[in-house]
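> Provided herewith is a single structure, encoded as structure tokens, for subsequent inquiry.
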Amino acid sequence: MFFWLVIVFVSTVVGSFLNVVICRLPLILSGRTDISLSFPSSHCPLCGNLLKKRHIIPVLSYLYYKGKCAWCGGCISLRYPVVEILVVLLSVLGWERFCPDYYLFIGWFIISVFSVTVSFIDLDTKKIPDVLTWSLLIIGIVFNLNSGFVSLEESVSSAIFVFILLHLFSSIMSWACKKQAIGGGDIKFFSAIAAWFGISCIPFIVFSSSLMTLIAIFIVKSKDGGNLSGMKIPFAPGISLAVALYVLGVYADPFSMDMHPFFL
């Protein structure tokens, strides 16, 4: 029970920090020099007042203040507790999946943190920062140095192969369709995932993420009734969800391709 509480506590704290990264990293990369991940201190995006510690307790503060700023009463985005809860959920499911292997659980926690961050930044900006995808790829290779998810050789070769293959596919489709087929950030994200889990995961993740993204596009288009032909589509959320399904749900052992009984 104590270990579960530790997982939940650490996950909520990390999730709270990810909200800062999601909001500020794109601004920092765009050239803003007046902010960093640690400066200025947490403040209300509406009135600018600095938040006290009691105002930034993950999830609980949002519920206590009913989603409003304690100073000005303005509505605070639901995304903040959603990010924190997502990290907790992925951590809990990850421990259920990999218990008692602490090493693989730590690996999954790292993937979850990067996936949540990349997904929400992509939703906001329609771009995936290279610093995140390349970092995830390098960490994946280093992680597999020590009996990780796949061998070091498979990790490196899979990342390179997927990067080249998807770049080639994107170039051909872009030439044929006269518009970009797959974003460069998405290709790097796929390559990073391959560095963690090997090439065997890619067919499932590519198919599932594409299907889920198409479903999301259809729902948005049906709801808004707008034309999405010129709109940039964020692909990272679909990729992240597909990775979670692959590792946590679809396969009892994703590396042996045995189907999970729940899905039979």
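Residue numbering for the sequence shown follows UniProt numbering, beginning at 1 and increasing consecutively. Glycine included, every Cβ here is placed at the ideal spot set by N, Cα and C.
#1: Does DSSP classify Lys68 as helix, strand or coil?
#2: Looking at Ala181 and Leu137, is the spacing between their C-beta atoms short of 8 Å?
#3: Is the beta carbon of Phe120 closer than 8 Å to that of Ile22?
#4: Just list the residues that DSSP pairs His43 with in beta bridges.
#5: Put Cys99 into one of helix, strand or coil per three-state DSSP.
#6: Let me confirm a value: Cys99 is counted as buried when at least 16 other C-beta atoms fall within 10 Å, else exposed. Which label applies?
#7: Roughly how many angstroms separate the alpha carbons of residue 347 and Ser41, rounded to a whole number?
#8: For Pro237 versus Leu152, is the C-beta distance shorter than 8 Å?
#9: Would Phe3 be called buried (16 or more neighbouring beta carbons within 10 Å of its own) or exposed?
#10: Using CA coordinates, which residue listed in Val14, Val59, Leu37 and Ser77 is at the minimum distance from Leu45?
#11: Taking the beta carbon of Ala176 as the centre, do at least 16 other beta carbons fall within 10 Å, making it buried, or is it exposed?
#12: From Gly107 to Thr133, what does the alpha carbon distance come to, in whole angstroms?
#13: Report yes if the C-beta distance between Ser16 and Glu84 is below 8 Å; otherwise report no.
The answer reads as follows:
#1: strand
#2: no
#3: yes
#4: Leu50
#5: Note: Cys99 maps to coil in three-state DSSP.
#6: exposed
#7: The requested residue 347 does not occur in the structure, where the chain is confined to residues 1 to 264.
#8: no
#9: exposed
#10: Before going on, a small fix: residue 45 reads as Pro here, not Leu. Relative to the Cα of Pro45, the nearest Cα in the group Val14, Val59, Leu37 and Ser77 belongs to Ser77.
#11: So Ala176 counts as exposed.
#12: 15 Å
#13: yes
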